[in-house]
Every structure is written in structure tokens, then in C-alpha cells.
Ligand SMILES: [Zn+2]
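In our numbering, the protein residues as written are 626 to 955.
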């Protein structure tokens, strides 16, 4: 636009400017082209690395995909490792990234409703395979009426249980075979390796927890319902299915009473949570009963945590449950 401002000035200068303009045009064209390309690449993220383009909602699913797909796929996790998952919402960038993928994997069970509500209606679905990793699986009904509106009909934390993880990852394997049958053998080999690891962990859960049937365990956030259901334990928590709530004083008081009743000495804290409420519980329970509460960890598996990957966190959870149950009543 600036180019025409001097149009009424004297002719020799105008000619010079015209030449300058002509010289600038190719540069402008290049700037616009490369600028556009740069933005496109930026939005695409990892999409240019080659292999089957896979998008997963969050870390556990991206981990499963990586293990099963190996070098034949390129996977992007929409929620970055370690980011709070419960209140997360996609931006335009995640819509672009998902639009470039061939396979879209989401947890389902009400965990990532934004995938179906916001992303899927905004993208071109032609040739894409959608994997709802919990479709058809037996889910835990959300019985807390107050939470029903906000968190939906089911407990979304399926991935913490090896039993559920086995079924979820099998759906991912099937989607890879469907999308890329030429590499059937590769996916099958990788799937068998991953499945064997998970089955080993699952049998460790069964063997270790069979001695603690129906035993109660106490957590900050109600994220381990599928472990409780699948291995027959009883979960109590001070906050509900959503991790961003504040615990009520009433809930804290109830937990203290329950721990006292059950003679439980251990409280499980997820890494990333404040220890404030746990300290309150610890002090009050000590005054009430003289019980010295130990704090152990249970991992939510939002990402690589303290250097532990998804399967390692699953193993740590079992180890800490065993340590905790052995402590109780001492
Ligand atoms: Zn959670």
C-alpha cells in the first residue's frame, strides 16, 4: 500500500520507485510463501517425520502407540507429558495436528470428551481411523451424583489398570493393522512384545493382591477405581474423579474416621499434589489413635514422572500398594 503513496510526486522519482517495487515483488512473494510454509510446518509439529501419522489424546495412549508402532509410525500426544489432564481443552493448533493424522486415538469413558465435541467435528475425516480405546469395555459407573454433570457417566481413569490397558492397547494394534496392512508382521511382533510385558505386570498384580482382597486404600484423588475393581480392593479418596477440586473439610473428617476404623497406616499421594491435606490427616489421626501415618505414592501416569515411564509407574503403583498393605495394622 505504501507503494502508491508517492504516486503524485515527480516523475523521475516515481520511475525509480517503480523499479524498486518491481525488484521487491519476488522477495515479497518468497516471504509470503515461506512464511506460510513455516506456519504450516509449525502447526504440523511432528507430522513430517514419516511413517503412519498417529495422534493420541495423552501420554499413556501415545506410549502404547509408540511401543506397538515402533519406527513405522510417528505419534504426537495432544496433551503434553505431565500437563494436568482433567481441565485440558484443545486449541486451533491441536485441531490442525489432528487433521494431519491418519489414526486418532482417544481414551473415551468421558476422559477426553473434547475429542468428539471439538476436534472431530472440525476436521476432515476422510481416510482417517478413529480409535475409542475403551469402546465396548466394561466401565465403572460414576455413582457420585454431584460429579455426574461435570465428569459424565463413567470413571475415566481406565489406563491405570493393567487389565484395561491390555484391552485398550489391543484396539490400537488392530487400528495399525487396518491402516497399514503391509506392515502386519511388524505390528504383530511389536504387539506381542508389549502385550507380554503388560500380561506379566497383570499377573504380578493378581498374585500380589490376592492376599489383600477387599482391603481399603486411601488416596488424594479418586483415580484408581479400575485397580480397585479389577484386583478386588476398596478405594477411598478425599477428592473425587476430577483432580482440580478442593477437598471439603467434611470429606477430610470422614477419611480420618474411616482410616481410624480400618486401622490403616498409609495414605497415598499422587506426585504433583499438595501434601497440606495429608498433613492434616496425619496429625489428626495421630492425636486420635497414636497411629503414625506413612505417605506413599500412586502415579496417575499423565506423563513421564520422576523418570518412570508408563509401565514403570504401573509397577511402582503395585509395589507401593504391597508396601502399604504390609504396613497396615502394625
Ligand atoms: Zn484423574
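The C-beta atom is built at its ideal place from N, Cα and C for all residues, glycine as well.
### Query
Starting from residue 794 and walking both ways along the alpha helix (DSSP H), at which residues does that stretch end?
787-804
### Message
The beta strand (DSSP E) that contains residue 701, what's its start and end?
### Response
698-702
### Message
Could you check whether the region 791-804 touches the region 684-696, counting it as contact only if at least three pairs of C-beta atoms, one from each stretch, sit closer than 8 Å?
### Response
yes
### Query
How should residue 785 be labelled, buried or exposed, when 16 other C-beta atoms within 10 angstroms of its C-beta is the threshold for buried?
buried
### Query
What does DSSP give as the partner residues of residue 891 in its beta bridges?
919
#### Entry: Residue from 861, 758, 730 whose Cα sits closest to the Cα of residue 840
861
#### Entry: Per-residue burial, residue 717 [other beta carbons within 10 Å of its own, 16 or more giving buried]
exposed
### Query
Using the rule of at least 16 other Cβ atoms within 10 Å of the residue's Cβ for burial, across every protein chain shown, is residue 780 buried or exposed?
Classification of residue 780: buried, given that the 10 Å Cβ count is 16 or more.
### Task
Could you tell me whether any non-hydrogen atom of ligand 1 is closer than 8 Å to the CB of residue 809?
no
### Task
For residue 781, verify whether its CB is less than 8 Å away from any heavy atom of ligand 1.
yes
### Message
Could you check whether residue 864 and residue 906 sit closer than 9 Å to each other, using their CB atoms as the reference points?
### Response
no
### Query
How would you write the range of the beta strand (DSSP E) that residue 845 sits in, first residue to last?
841-846
### Query
Beta carbon of residue 867: closer than 8 Å to some heavy atom of ligand 1?
yes
### Query
Under a three-way DSSP split, which group does residue 911 fall into?
helix
#### Entry: Three CB pairs or more closer than 8 Å across the region 925-932 and the region 694-713
Yes, the region 925-932 is in contact with the region 694-713.
### Message
DSSP three-state label for residue 821, please.
### Response
For residue 821, the three-state secondary structure derived from DSSP is helix.
### Query
Would you say the region 880-899 touches the region 824-834, given that touching needs at least three Cβ pairs under 8 Å?
The region 880-899 is not in contact with the region 824-834.
### Query
So what does DSSP say about residue 677, is it helix, strand or coil?
strand
### Message
Checking 9 Å against the spacing of the C-beta atoms, do residue 790 and residue 764 come in under that value?
### Response
no
### Query
Using the beta-carbon count (16 or more within 10 Å), is residue 852 buried or exposed?
By the 10 Å Cβ count, residue 852 comes out buried.
### Message
So, with DSSP's three-state summary, where would you put residue 810?
### Response
helix
### residue 883 (DSSP reduced to helix, strand or coil)
helix
### Query
Name the DSSP bridge partner or partners of residue 766?
779
### Query
Using a threshold of 8 Å, is the CB atom of residue 710 nearer than that to any non-hydrogen atom of ligand 3?
Because ligand 3 does not appear in the structure shown, any question about it cannot be addressed here, the ligands present being ligand 1.
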